[in-house]
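Quick note: the sequence shown uses this note's numbering, first residue 8, plus one each step. C-beta atoms are modelled at their ideal positions from N, C-alpha and C, and glycine is treated no differently.
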Amino acid sequence: MKINYLDLFSGVGGFTLGLQNSGFKFHYHGFSEIDKYAIETYKRRFTNAEELGTITDIDPGKLPNIDLITFGFPCQDLSIAGKRKGLEGGRSGLFFEAMRIIRAKEPKYIIFENVKGLFSSNGGEDFKVCLKEIADIGYDGQWELLNTRWFLPQNRQRVYFVGHLRGNSRPKIFPFTENGRKNTENRGENKIQISCAPSREYGWKDVSPTLCARDYKDPKLVKSSGLKQIGVIDKDSEATRVYDPSGTARTIKDGGGMGAKTGLYDVGGIRRLTPLECERLQGFPDNWTEGQSDTQRYRQMGNAVSVPVVQAIAERLIKGF
């Protein structure tokens with residue numbers, strides 16, 4: 008299926024890769040990103056994509072007709088871990104820039120991803136604003152809180168929204184929960200190797216914490232079913248707690264420092280997740296971000312969408328084209 012596609016707040020291309028894995032191909036492929044290092048990775052992996060600059064500089068009138076727009080607008084002002092400024096915050100307020108482009112191009116479908124905190128930001132009012140804005144420009148939608156752990160060994164809850172322009176078909180995308188999801192308990196035979204050590208494998212029950220872009224700051228240990236703290240490295244803070252190696256891993260997130268919050272216990276002691284392991288925990292091919300510093304590689308994976316989650320959504324969405 009060939010479409011005209013626009014990838015906003017593109018990061019290193021998690022949405023694009025998930026679409027391609029599901030069978031989508033592109034007549035036209037444009038992307039917008041502000042981070043110069045992420046742009047370098049994106050252009051290296053998608054050589055035919057047109058770089059459009061920052062989202063505020065995009066002139067929709069210069070773009071061809073667009074069939075699908077994806078966007079994961081900056082979540083820092085919405086995240087539970089952030090300052091919770093909501094859509095009035097400078098970064099998350101860029102949502103309205105995405106709406107400006109969608110209103111002008113009227114793609115058949117839109118997909119966006121954001122943190123779980125979108126549901127509760129400003130007492131739930133921010134999510135209501137999102138839904139109203141989308142409805143006002145002619146779209147109906149469906150959404151679900153999906154967890155990467157249903158597809159990969161990382162605990163990462165994110166809101167996924169699929170909107171369709173009124174008058175177009177509405178393929179059923181959700182739910183992925185209950186019988187529709189990839190069950191983490193019943194897929195123990197399907198394993199994914201996340202360690203650089205050839206002999207180390209983690210099954211579906213062995214789940215990483217959420218990966219963050221700040222993950223090179225502080226080492227942590229993880230355990231397979233629920234985090235179990237077994238000590239601290241120095242002062243008792245979230246950044247220095249040590250976890251049983253068989254516990255649930257935390258979310259990969261954005262940030263920086265000297266060590267990884269999503270650490271692993273290795274035979275020789277505590278170590279941080281490597282950039283390669285972070286790529287695997289997000290469903291990217293090995294060395295997707297190679298050529299960048301470790302700092303940037305951690306950031307890029309912490310800011311990325313989980314590729315298999317996007318792929319699962321796209322495999323259902325493609326039926327609507």
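- In this structure, the beta-carbon distance from Gly25 to Gln303 does not fall below 8 Å.
- In this structure Asp66 is exposed. Its beta-carbon is surrounded by fewer than 16 other beta-carbon atoms within 10 angstroms.
- Taking Glu40 as the centre and dropping the five residues before and after it, the same chain places the C-beta of Ser17, Ile46 closer than 6 Å to its C-beta, in chain order.
- In this structure, Leu75 sits away from Gln161, with a CB-CB distance that is not shorter than 8 Å.
- Its Cα nearest to that of Leu101, the residue Leu15 stands out among Arg278, Leu15, Leu288, Gly37.
- Taking 8 Å as the cut-off, the beta carbon of Ser313 is found no closer than this to the beta carbon of Gly20.
- Asp14 carries a strand assignment under DSSP once its states are collapsed to helix, strand and coil.
- Annotated three-state conformation of Gln164 is strand, per DSSP.
- With contacts defined as CB atoms closer than 8 Å, Met106 and Ile325 fail to qualify as a contacting pair.
- Contact between Ile118 and Phe168 holds: their C-beta atoms lie close to 7 Å from each other, under 8 Å.
- Excluding the 5 residues flanking it on each side, Phe78 has same chain C-beta neighbours closer than 7 Å at Leu15, Phe16, Ala105, Phe119, in chain order.
- In the structure shown, the three-state DSSP call for Thr61 is coil.
- Counting along the chain, Lys69 sits inside no beta strand (DSSP E), nor does DSSP assign it H or E at all.
- Ranked by Cα distance from Thr258, the first of Glu297, Gly309, Glu284, Ser300 is Gly309.
- Relative to the Cα of Thr48, the nearest Cα in the group Gln307, Asp147, Phe31, Ala111 belongs to Gln307.
- Between Phe183 and Leu153, the CB-CB gap stays under 8 Å.
- Excluding its 5 nearest sequence neighbours in each direction, Glu132 has no C-beta neighbour in its own chain below 7 Å.
- Burial check for Glu286: the Cβ neighbour count within 10 Å reaches 16 or more, so the residue is buried.
- Restricting attention to Pro178, Asn129, Tyr44, Gln164, the CA atom closest to the CA of Asp147 is found in Pro178.
- If you look at Asp42, you'll find it isn't in any beta strand (DSSP E); DSSP assigns it neither H nor E.
- In the three-state reduction of the DSSP assignment, Asp293 falls in the coil class.
- Within the DSSP secondary-structure output, Asp147 pairs in a beta bridge with His171.
- Apart from sequence neighbours up to five positions away, the residues of its chain that approach Ala321 with a beta-carbon distance below 7 Å are Gly25, Leu26, Ser29, Phe31, ordered along the chain.
- The beta-carbon distance between Asn11 and Ile73, rounded to whole angstroms, is 5 Å. This is short enough to meet the 8 Å contact definition.
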